[in-house]
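K.L.:
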Amino acid sequence: MATDLIAPEDPFFSSIPEQIRNDSRYMPHFKDCIGALDGTHIAAILPPNEQIPYIGRKGVPTQNVMTVCDFNMCFTFVMAGWEGSAHDTRIFLDAIRDPKYIFLHPPNGKYYLVDSGYPQMKGYLGPYRDINWAYENTIDLENVHGRESDDDDDDDDDGDDDGESSNSSGFEMELTKDVIASSLMNSL
8 MATDLIAPED
18 PFFSSIPEQI
28 RNDSRYMPHF
38 KDCIGALDGT
48 HIAAILPPNE
58 QIPYIGRKGV
68 PTQNVMTVCD
78 FNMCFTFVMA
88 GWEGSAHDTR
98 IFLDAIRDPK
108 YIFLHPPNGK
118 YYLVDSGYPQ
128 MKGYLGPYRD
138 INWAYENTID
148 LENVHGRESD
158 DDDDDDDDGD
168 DDGESSNSSG
178 FEMELTKDVI
188 ASSLMNSL
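Laid out in structure tokens, this is it:
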């Protein structure tokens with residue numbers, strides 16, 4: 008029942024959300040963004056003998072709940088029940104790898120916005136890790152696709168279960184960030 012109620016209106020993400028399309032601050036910079044993904048801690052009441060795994064960094068029992076919302080501020084995915092001590096990445100990887108959760112992966116060319124608690128991989132756009140590097144290396148939009156990375160090799164033996172090199176998919180999302188940053192800087 009929850010998967011019937013908590014789901015995207017457009018499961019194929021075929022149209023640009025109205026909030027992006029009709030606002031020049033976001034269009035065309037975020038035209039391929041389909042929502043935001045994050046975790047939150049919800050207070051949990053548990054018997055004393057079951058509290059330990061649920062005690063997180065604030066010292067109280069919580070559940071770490073991963074959610075995705077769209078631009079109408081509607082939840083499109085919720086994964087609850089994880090103990091408060093669980094890291095966001097652990098919950099995220101479980102959600103995207105286990106088909107029983109019916110997580111809608113972004114179609115090719117689309118992405119969710121995520122925070123720094125999530126891995127850099129194709130379809131999930133996080134913040135620059137080193138903001139000074141980002142400002143120093145703002146690039147020309149015309150040259151973005153020809154840029155090469157010193158650490159981008161052809162090895163795919165990174166242990167990633169998804170059959171996709173996390174190095175190359177992370178690099179692809181870095182390019183996406185560069186395009187957005189350059190576009191925003193050029194529009195000022």
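Residue numbers (our numbering): 8 to 195.
We put the beta carbon where it would ideally sit given N, CA and C, even for glycine.
1) Using 8 Å as the cut-off, can you tell me whether the segment 16-30 makes contact with the segment 46-54, which would need three or more C-beta pairs spanning the two stretches below that distance?
2) What is the DSSP secondary structure of Val121, counted as helix, strand or coil?
3) Measuring alpha carbon to alpha carbon, tell me which residue in Arg97, His36, Arg28, Ala93 is nearest Leu191.
4) Does the beta-carbon of Ala102 have 16 or more other beta-carbons within 10 angstroms, so that it is buried, or is it exposed?
5) What three-state label does DSSP hand Gln127 in the structure shown?
6) So, at 7 Å on beta carbons, what are the nonlocal neighbours of Glu179 in its own chain, with the 5 sequence-adjacent residues on each side left out?
7) Quick one: give me the first and last residue of the alpha helix (DSSP H) that Ala102 is part of.
8) What whole-angstrom Cβ distance do Thr96 and Gly124 have, given they're in contact under 8 Å?
9) Going straight from the alpha carbon of Thr69 to that of Asp185, what length do you get?
10) Where does Phe84 land, buried or exposed, given buried means 16+ other C-beta within 10 angstroms?
11) Less than 8 Å between the beta carbons of Thr183 and Tyr118, yes or no?
12) Between which two residues does the beta strand (DSSP E) containing Glu90 stretch?
13) Per DSSP, Thr47 is paired with what?
14) Classify Ile13 as helix, strand or coil using the three-state DSSP reduction.
15) So what does DSSP say about Ile27, is it helix, strand or coil?
16) Assuming Gly42 and Cys76 form a contact by the criterion Cβ under 8 Å, report the distance between their Cβ atoms to the nearest whole angstrom.
17) Please name the residue, chosen from Arg32, Tyr108, Ile13, Cys40, that lies closest to Pro114 on a Cα-to-Cα basis.
18) Tell me whether Leu12 is buried or exposed, calling it buried when 16 or more other Cβ atoms sit within 10 Å of its Cβ.
P.N.:
According to the structure data:
1) no
2) coil
3) Nearest to Leu191 by C-alpha distance, out of Arg97, His36, Arg28, Ala93, is His36.
4) buried
5) coil
6) Lys129.
7) Start and end: 95-104.
8) 6 Å
9) 36 Å
10) buried
11) yes
12) 82-90
13) Val72
14) coil
15) helix
16) The pair is a contact, with the Cβ atoms about 6 Å apart (cut-off 8 Å).
17) Nearest of Arg32, Tyr108, Ile13, Cys40 to Pro114, Cα basis: Cys40.
18) exposed
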